[in-house]
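Chains as they are written, first to last, in the numbering used here: chain H, 42 to 448; chain C, 15 to 357; chain Z, 129 to 379.
Worksheet for the structure shown next.
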């Protein structure tokens, strides 16, 4: 289908099914049960799953294929958000122009920064991208360009927001009842949610989520095509052996730069979607922690694999949500079956990792994955899968995953 | 003229911090071939060593002072630090007051130990892994260290004052024949600069004049050849890592009175120190020091009001702009050796 | 006038004169060996031919065009392929993918944004790559990762990759260095076969005299950065100057 071979088509269909049925799949527990806190079927969280999925898919095109580790990709997501919000302020609340501009702006910034940073590779490249991202963060956070030109561009610390005085040439500055209009797709409101009660379960179908989901599927499809294209082959060759690449008559820089721009456009797209779901943009989206997060998503899932980044993004965003919600009281409840002294101790240990300690968990996870599972969840899954099948089959499988770009 | 001198002075303390961190980064990169993203965290831990010592010294017990009452009319509770009860109020108070310099004694073993543990426990296993993995694992470690500090010390900056003796400012202007109070410079910053100069001098003479340093320098120039000579270079590199950690830690301890320690100061300094290393020339120790001071001073000039009115906010991005220009015109940095990291 | 003409090329590294006044002409469709003791400047000369180094003086003309100042990929696109001392292949990719990359490079040039096509529908490239794999006797290994090949097969693959570009000049840098005798003989046979079957010029830098005398039609002896003699193999064998250079070096 769409020029994909059977295996890739199957993968695409599975992802599509998972994404479309997510409101059911992510809400397995009845709304009033104790397990309801593990549900993830809210519009807001599901949107984050797919948006960060897009971000990670794009990052993987650069890092997974060429091996160039950028530490500044959040900057492109940030400029995408700003561009989209400006579109909402100036033109219309329809998300299409906003997203198109976000992608273009993300790509332009990536072209500029990539042109300079890709003169270097390895560690140097990582440091440079980090420095550039921090510079852009500083510019956005202090609204430097705005102060220079005399009108606010990023609105500094507060972040860029919509107001009732925005011109919105093709739309309206304010709705008849005097509030800020909502983001929409040709009139379909991004926030509109259809709620379905089935017994004790409550399923929510949000238009914004489905819009993002469709965009993500397109983005995912394009990434499969890039992986399987001659261009993708060349990118993998860059990662494998630059010397041979050079002596095979191939010019490396345009390849890496194109990959960098494509991943920048994916990041811009993710930023544009973020702003479309919630029309504001802040500098914190551009910080190095945000860049580090997308690196982690890609690595956790499996860099260089097709599905890895999507898995990684979902995994991290899900556990971020769960871990952040857990507090000391919940922990005491969970471990109440233990003897008192032991319970206190276990809760004391566990407390480090939950609530605001989520970042600590993330850091440890990061280290564990890099140390023990450099291939990420996909490789881990394959290893476990290998244990269950007969030995000969396992051998074939590991050979197959080595010889072909894994799914 | 006076304004220029003032800005140079103002740039010195930040420049000292950049130089010290960049020096450690370069040592580790040059010897072990590892880019340590957790190096900023070591600086931060150093600063929190000062906080810890301050807290330990002010550990107090409560007594009830029957002669005084609080605003509810109850007898007033008075906190007395143990130190004061052991050494008498006056000596005790001055020990507390000198907590930051005392923290140096505490920080040296702590940092050496952390550095040793880090190298043996983690970094060692990454020598043969790709650079990307080294970056990622130290990045993860940086997050872990930073979050642990945040967990135990909170998210807010913690004031750690310098001893009273250094609290005032030194009137530099008068010394040079300017009007009084034109060029004044806090004593502690002067101390910091002097301290940094001593450490830098110590590191350089250690590398220059000891056999140990000679081997390390040879190892930085060509690791394989030195390995072939049968010298146990790995052990020396472990020691170098500990040394670099100690340098970063000491830089952090002494910086605590200048900038109240917070959990994210490590990463803030790390990114800029990387830029310093790139500008100075990857693998060049003098380059790291020179670029550290140059960029510190440049940053201070960019934050002058006269400059800011023309180019608002330039102070926050000047270092990055310089790095870009240097990279485009002289990719190996100011003092980088030809061929090192030029690819 | 050969296919490759090196005129008055000199190259210094600091105080060390690596090449001084090298003149060399390689005839089209010949096998030309460059030999010499260690430190004679063989590798420096080779690097000057492929764009890795730029000589201080002199000119290097390939088929009437100067190669100086061009980067390695441009020189490769002119028709010069290089085989390295330790095989440089794409270790993470399969043998088949390794073979397709040079075919793509030949068809599409140094860069082509070819992101909509699919590798598995590029039938012309696949066919050509398959053909070379057949020629190299490696068709059964096409799905293996290149890194998992034996040393001899890696060399074979690298030579195949170079041939799949249909270069006019093939440069080999000690192609049998570190190889067991059997692998060396296989490589010699392979190169002989290539020489017989194709219109190709081969320049080979080699230490192993067995390889040199089995293959070369013409030999240049390099010593201390300058060509000592250039002649046919039989005449080189007993040449006093050559003996002197080698014995003086090793004895």
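Glycine included, each C-beta is placed from N, C-alpha and C at the ideal position.
Asked: Residues near residue 75/C in its chain [Cβ-Cβ closer than 8 Å; skip 5 each side]; Found: 93, 94, 96, 99
Asked: Residues that residue 187/Z bridges to, as DSSP identifies them; Found: 135/Z
Asked: Pick from 340/C, 143/C, 233/C that is closest to residue 411/H, judged by C-alpha positions; Found: 143/C
Asked: Residue of 253/C, 19/C, 286/C minimising C-alpha distance to residue 134/C; Found: 253/C
Asked: Near-chain C residues of the stretch 401–412 of chain H (beta-carbon distance less than 7 Å), N- to C-terminal order; Found: 401, 403, 404, 405, 407, 408, 411, 412
Asked: Interface flag, residue 286/H vs chain C, CB-CB below 8 Å; Found: no
Asked: Interface residues of chain H facing residue 337/C [CB-CB closer than 7 Å]; Found: 172
Asked: Cβ of residue 189/H within 8 Å of any chain C Cβ; Found: yes
Asked: Residue 380/H, buried or exposed, once every other Cβ within 10 Å from all chains shown has been counted against 16; Found: exposed
Asked: Alpha carbon of residue 90/C to alpha carbon of residue 82/C, nearest angstrom; Found: 6 Å
Asked: C-beta atoms of residue 261/C and residue 213/C nearer than 8 Å; Found: yes
Asked: Residue range of the unbroken alpha helix (DSSP H) whose run includes residue 24/C; Found: 16–46
Asked: Assigned secondary structure, residue 430/H (DSSP; H/G/I helix, E/B strand, else coil); Found: coil
Asked: Proximity to residue 199/C [Cα-Cα], best of 190/C, 192/C, 184/C; Found: 184/C
Asked: Contacting residues, own chain, Cβ-Cβ under 7 Å from residue 151/Z (five flanking each side not counted); Found: 134, 135, 136, 355
Asked: 7 Å CB neighbourhood of residue 227/H in its chain, flanking five on each side removed; Found: 135
Asked: Any 3 or more C-beta pairs closer than 8 Å across the stretch 91–104 of chain H and the stretch 341–351 of chain H; Found: yes
Asked: Assigned exposure category for residue 249/Z - 16 Cβ within 10 Å defines buried; Found: exposed
Asked: Chain H contact residues for residue 220/Z, given Cβ-Cβ distances below 8 Å; Found: 277, 280, 281
Asked: Rounded separation between residue 449/H and residue 280/H - CA only; Found: Outside the displayed span of chain H (42 to 448) sits residue 449/H, for which this structure offers no information.
Asked: Short Cβ contact (8 Å threshold) for residue 304/Z with residue 340/Z; Found: no
Asked: Backbone CA spacing between residue 403/H and residue 301/Z [nearest angstrom]; Found: 49 Å
Asked: Residue 40/C versus residue 84/C - alpha carbon distance; Found: 57 Å
Asked: Separation of residue 179/Z from residue 191/Z, as counted between CA atoms; Found: 16 Å
Asked: Spatial distance of residue 447/H from residue 254/Z (CA atoms); Found: Low local confidence applies: a pLDDT of 43 at residue 447/H is under 50, so the model's placement there is unreliable, with the coordinate-based value given in what follows. About 21 Å.
Asked: Chain-order list of residues whose beta-carbon lies under 6 Å from that of residue 173/H (same chain, five-residue window excluded); Found: 113, 154
Asked: Segment contact flag, the stretch 16–33 of chain C with the stretch 314–326 of chain C, C-beta cutoff 8 Å, min 3 pairs; Found: yes
Asked: Assumed close pair residue 284/Z, residue 318/Z - CB separation to whole angstroms, cut-off 8 Å; Found: 7 Å
Asked: Three-state secondary structure assigned by DSSP to residue 90/C; Found: strand
Asked: The beta strand (DSSP E) enclosing residue 325/H, as first and last residue numbers; Found: Unbroken run through residue 325/H: none, as it is neither H nor E.
Asked: Sheet register partners of residue 145/Z (DSSP bridge); Found: 140/Z
Asked: Whole-Å CB distance - residue 347/C paired with residue 295/C, under 8 Å assumed; Found: 3 Å
Asked: CB contact below 8 Å: residue 251/H versus chain Z; Found: no
Asked: Residue 351/Z - partner residues in DSSP beta bridges; Found: 354/Z
Asked: Close beta carbons around residue 304/H, own chain, < 6 Å, minus the five adjacent residues each side; Found: 99, 100, 102, 103
Asked: Amino acids of chain C, ordered along the chain, whose beta-carbon sits closer than 7 Å to that of residue 176/H; Found: 331, 334
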